[in-house]
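So the mapping is simple: this note's numbering equals the position in the sequence shown, first residue as 1, plus 3.
Positions of the beta carbon are idealized from the N, C-alpha and C atoms, including for glycine.
Remember, it's a predicted structure, so these values are computed and weren't measured experimentally.
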Amino acid sequence: MIPVSFADTWYWLALGALLSYLLGCFNFAVLISKIKHKDIRSQGSGNPGTMNMSRTFGWKIGLINFVCDALKGIIPVMAGHLAFAGMCFDGGAVAVSDVSRYLFGLCAVVGHVFPVTMKFRGGKGIATTLGVFTCGVTCEVGWYFPIAFAFLLFIVLYIYVFEWGSMGSLIGVSGFTIWQGVIFFLRYSGRLDDGFAIAAFMLLLAFNLITWIAHRKNLYRLMGGEEHRTSIKKMVRKNRA
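Here it is in structure tokens:
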């Protein structure tokens, strides 16, 4: 590991964070729905995200939208990982990429949820967040990918069986957070008082705060028994129609 000081890296971290935010601001749901001669913001729940796109246009369009939004998380994570690979902050305690990839990924999610291009009213950030975590836990250890993919399939299965799209999404985000949190805990178990290690854990927590807050209305409706069902069967029938 090559030791670097924060004073020598903060500018690049800030630049990467800004570019990641701007990338997150681009909303594929709005673009795809306009290609389909509709505005997703006036359809269904009005949310410009994967779930509402799937309910409105069927699972194929929803899958395309999910992949595009996930890439908004994957690209910044890979950029953060590759740009700072082999570097650690002074003292050799924390890898710079452990902070940079989640900092950039978080900024992309913030851009999706609070886009300056849409008066700070965007989607709920699930697809982008899942893209961040799927790449974040596998970019260093490639054999983690089958596990990550299996977990994504579990989320789909949960939604298929219970038809609670919002809860399945939040379970996915929380599960990936715990997984990466355990990896960080084992990696830095003897240095948990290091400021950069604390920052890495705070970034993981921030993903959950943003996505759970973005879903607060869904949670209220769930508790009141009024939440919209997400039927994958109906999405499939919509594509066949």
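Between the CA atoms of Thr180 and Leu160 - distance to the nearest angstrom
So the alpha carbons of these two residues sit roughly 19 Å apart.
By Cβ distance, which residues of its chain are closer than 6 Å to Ala86, with the 5 residues on each side in sequence left out?
So no residue of the chain qualifies.
Where does the unbroken beta strand (DSSP E) through Cys142 begin, and where does it stop?
That residue, Cys142, is in no beta strand (DSSP E); it is neither H nor E in DSSP.
Run through DSSP, which three-state label would Pro51 get?
DSSP places Pro51 outside both helix and strand once states are collapsed to three, so it counts as coil.
Candidates Ala20, Ile43, Tyr24, Leu22: closest to Phe31 by CA position
Ranked by Cα distance from Phe31, the first of Ala20, Ile43, Tyr24, Leu22 is Ile43.
Evaluate the contact criterion for the region 170 to 184 versus the region 200 to 218: three or more CB pairs, one atom per stretch, below 8 Å.
In short, these stretches touch, since the Cβ pair count reaches three.
Status (buried if at least 16 other CB within 10 Å, exposed otherwise) for Trp146:
With a threshold of 16 other beta carbon atoms within 10 Å, Trp146 falls short and is exposed.
Would Cys138 and Ile77 be called neighbours here (beta carbons separated by less than 7 Å)?
Yes. Within cutoff.
Look at the Cβ atom of Arg232, then the Cβ atom of Glu166, and state whether they are nearer than 7 Å.
Yes. Within cutoff.
Completely contained alpha helix (DSSP H) runs for the region 99 to 171, where each covers 4 or more residues
As for any alpha helix (DSSP H) of minimum length 4 sitting wholly inside the region 99 to 171, the runs are 99 to 116, 129 to 141, 148 to 165, ordered along the chain.
Simplified DSSP state of Met205, which is helix, strand or coil:
Looking at Met205 - three-state DSSP - the assignment turns out to be helix.
Bridge partners of Met238, per DSSP?
Note: Met238 sits in no beta bridge, so no partner.
In DSSP terms, what Phe92 is bridged to
According to DSSP, Phe92 bridges with Val7.
Should Ser192 go down as buried or exposed, given a rule of 16 or more other Cβ atoms within 10 Å for buried?
Exposed, because fewer than 16 other Cβ atoms sit within 10 Å of the Cβ of Ser192.
Can you tell me whether DSSP reads Arg232 as helix, strand or coil?
Coil.
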